[in-house]
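As given, the protein sequences belong to chains A and B, one line each in that order. Read in order, the letters of the first sequence are residues 1 to 185 in UniProt numbering. Read in order, the letters of the second sequence are residues 1 to 185 in UniProt numbering. Backbone N, C-alpha and C fix where the C-beta goes; we use that ideal spot for every residue, glycine too. These numbers come from a predicted model, not from an experiment.
Protein chains: 2
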Amino acid sequence: MALDHAILVSLLEKPGSGYELARRFERSIGYFWTATHQQIYRVLKRMEQDGWIDVREVPQQGRPDKKEYSVAERGRDALSAWLREPIEPESVRHDLAVKIRGAAFDDPAGLISEVERHREAHTGRLGHYLAGEARDFGEPPEDGTLDAERELQHVVLRGGIAYERMMIAWLDDVLATLDRFRAGP
Amino acid sequence: MALDHAILVSLLEKPGSGYELARRFERSIGYFWTATHQQIYRVLKRMEQDGWIDVREVPQQGRPDKKEYSVAERGRDALSAWLREPIEPESVRHDLAVKIRGAAFDDPAGLISEVERHREAHTGRLGHYLAGEARDFGEPPEDGTLDAERELQHVVLRGGIAYERMMIAWLDDVLATLDRFRAGP
DNA sequence: TCTTGCTATGCAACGAGGTGCATAGCAAGC
DNA sequence: GCTTGCTATGCACCTCGTTGCATAGCAAGA
Chain A
1 MALDHAILVS LLEKPGSGYE LARRFERSIG YFWTATHQQI YRVLKRMEQD
51 GWIDVREVPQ QGRPDKKEYS VAERGRDALS AWLREPIEPE SVRHDLAVKI
101 RGAAFDDPAG LISEVERHRE AHTGRLGHYL AGEARDFGEP PEDGTLDAER
151 ELQHVVLRGG IAYERMMIAW LDDVLATLDR FRAGP
Chain B
1 MALDHAILVS LLEKPGSGYE LARRFERSIG YFWTATHQQI YRVLKRMEQD
51 GWIDVREVPQ QGRPDKKEYS VAERGRDALS AWLREPIEPE SVRHDLAVKI
101 RGAAFDDPAG LISEVERHRE AHTGRLGHYL AGEARDFGEP PEDGTLDAER
151 ELQHVVLRGG IAYERMMIAW LDDVLATLDR FRAGP
């Protein structure tokens with residue numbers, strides 16, 4: 001299970017509450033690992049019981065108090081152990097690919113609007129990534145030293161960018177293919 | 001849930017037993033939707049009860065008998081309805097990306113062998129896809145007509161090829177980045 | 001004969017993930 | 001005063017997916 005580890009990484013990058021984590025999972029980390037707030041609270045509770053993370057009650061003004069979590073020694077060890085474990089290359093689940101193959105037995109051209117919707121979603125994400133890249137990695141760090149956290153975040157973001165570009169190109173290929181079946185057989 | 005629909009599509013492409021489906025999910029369909037044989041048998045049972053698919057006992061010589069499933073009217077309708085439903089662009093789960101960002105708090109260079117393993121896996125898949133493409137789509141159909149099933153299978157396969165190429169290029173990027181931290185800080 | 005291995009189907013149990021719902025503090029606007 | 005909306009946390013339930021195990025027919029080879 002990698003949700004534990006995704007949360008640990010996020011907390012190492014910056015301690016925060018369950019609510020804040022949930023919002024990070026809508027951006028940043030969420031680009032390559034999704035989770036709802038219920039999942040996050042559940043995992044936080046378990047990790048706290050296991051001593052992987054520490055809690056600190058933080059009173060706030062103008063809004064409800066929060067529990068700020070940070071990674072404890074045991075959490076670091078658990079993450080370290082996980083990093084050393086080989087994992088299987090991801091198992092993919094592409095609904096859209098199933099739909100495309102399925103459309104052969106229904107109406108291929110009927111899928112066009114759906115594929116266009118997906119294309120727009122990916123274009124949006126790409127724009128978002130590129131804006132983030134320009135903002136956070138536009139200029140090299142002042143002191144010129146190697147910052148592992150920064151460099152590794154950047155290479156992951158480049159992966160997201162490459163993925164979205166690939167998807168957009170492929171969806172164009174799909175659209176061109178579907179288009180050949182407009183009012184066809 | 002799309003496992004139902006992935007199975008329906010596979011059975012429309014060619015009727016078969018649970019065992020045969022399980023093997024297809026290790027190849028072909030399995031490239032963009034994974035499933036174990038237990039999942040498949042469970043779903044087949046449910047879909048048969050719901051009248052989505054028909055069964056036929058097929059005696060075999062030299063091996064145990066099998067149950068051959070094929071798609072019934074209701075199954076076609078269910079697939080058709082699903083094709084018309086908009087779906088959300090997939091939620092991604094990349095363990096490796098979590099690991100890469102996590103490596104900033106451990107030993108970045110320690111990830112190199114793991115990333116190399118993934119690179120090999122993707123290279124293998126790419127070779128497999130390219131061989132399949134040459135075999136199944138190397139030459140255009142004799143009669144020159146548009147075959148939706150063939151064309152749509154091909155465009156999905158091209159997606160797989162584009163994905164693997166993108167991943168290999170990105171993993172090279174990751175390796176180059178990690179390499180800068182060899183025996184580093 | 002015994003083991004190994006492939007074909008073929010299935011159950012039981014558990015854990016992960018998702019949906020819906022509930023609660024509560026506080027601010028801003030109607 | 002009431003509603004709306006954001007922050008913040010959590011429970012209950014149900015489904016999906018995975019793991020481990022079990023059974024059984026038949027072939028091939030040691």
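Checklist entry - Going along the stretch 153 to 166 of chain A in order, which residues come within less than 9 Å of chain B, judged by CB to CB distance? => result Q153, H154, V155, V156, R158, G159, G160, A162, Y163, R165 and M166
Checklist entry - When you compare only the Cα positions, how much space is there between A/I29 and A/R182? => result 40 Å
Next on the checklist: Counting only beta-carbon separations shorter than 9 Å, does B/F181 have a partner in chain A?
Outcome noted: yes
Checklist entry - Under three-state DSSP, which class holds B/E149? => result helix
Next on the checklist: Rounding to the nearest angstrom, what Cα-Cα distance links B/V174 and A/T145 in this structure?
Outcome noted: 18 Å
Next on the checklist: For B/G127, would you say it is in contact with chain A, using Cβ-to-Cβ distances shorter than 9 Å as the test?
Outcome noted: Not a single CB atom of chain A sits nearer than 9 Å to the CB of B/G127.
Checklist entry - Nearest CA to the CA of B/V67: which residue from B/A169, B/T36, B/G18 and B/E139? => result According to the sequence provided, residue 67 of chain B is Lys. The question's Val does not apply to it. Checked all of B/A169, B/T36, B/G18 and B/E139; the closest Cα to B/K67 is B/G18.
Next on the checklist: On the DSSP letters alone, give me the boundaries of the beta strand (DSSP E) that A/R117 sits inside.
Outcome noted: Taken as a continuous stretch (DSSP letters only), A/R117 belongs to no beta strand (DSSP E), being part of the alpha helix (DSSP H) at I112 to F137.
Next on the checklist: Considering only the alpha carbon of each residue, which of A/E151, A/V115, A/P141 and A/G160 lies closest to A/W170?
Outcome noted: A/V115
Next on the checklist: Let me confirm a value: B/P108 is counted as buried when at least 16 other C-beta atoms fall within 10 Å, else exposed. Which label applies?
Outcome noted: Buried, by the Cβ-count rule.
Checklist entry - Between A/R24 and chain B, is there a C-beta pair that is closer than 9 Å? => result no
Checklist entry - Taking the continuous alpha helix (DSSP H) assigned at B/K14, which residues delimit it? => result B/K14 -> no alpha helix (DSSP H), and no H or E assigned at all.
Next on the checklist: So, at 8 Å on beta carbons, what are the nonlocal neighbours of B/E149 in its own chain, with the 5 sequence-adjacent residues on each side left out?
Outcome noted: E13
Checklist entry - For A/E57, which residues of its own chain have a beta-carbon under 7 Å away from its beta-carbon, when the five flanking residues on both sides are left out? => result D65 and K67
Checklist entry - Which residue's Cα is closest to the Cα of B/G160: B/H128, B/P89 and B/L21? => result B/H128
Checklist entry - Hey, which unbroken runs of the alpha helix (DSSP H) at 4 residues or more fall wholly within the UniProt domain "Transcription regulator PadR N-terminal" (7 to 80) of chain B? => result Whole alpha helix (DSSP H) segments, 4+ residues: 18 to 24 and 37 to 49.
Checklist entry - Just reading off the alpha helix (DSSP H) that A/G102 is part of, what are its end residues? => result D95 to G102
Item to check | Cutoff 9 Å: B/V43 Cβ touching any chain A Cβ | outcome: no
Next on the checklist: Suppose you measure from the CA of A/I40 to the CA of A/V9; what does that come to, to the nearest Å?
Outcome noted: Their Cα atoms are separated by approximately 13 Å.
Next on the checklist: Tell me the rounded alpha-carbon separation between A/A134 and B/D179.
Outcome noted: 24 Å
Next on the checklist: Can you look up B/A162 in the DSSP assignment and give me helix, strand or coil?
Outcome noted: helix
Checklist entry - Mind checking if A/A148 is an interface residue toward chain B, Cβ cutoff 9 Å exclusive? => result Yes, A/A148 counts as interfacial toward chain B.
Checklist entry - Who are the near neighbours of B/P59 in its chain, counting only those whose CB is closer than 6 Å to its CB and skipping five residues on each side? => result Non-local C-beta neighbours of B/P59 in its own chain, meaning closer than 6 Å and more than five positions away in sequence, comprise D65, ordered along the chain.
Checklist entry - Expressed to the nearest angstrom, what Euclidean distance is found between the alpha-carbon atoms of B/A162 and B/A121? => result 15 Å
Item to check | Whole-Å CB distance - B/T123 paired with B/I168, under 8 Å assumed | outcome: Yes, B/T123 and B/I168 are in contact; Cβ-Cβ is about 6 Å, under 8 Å.
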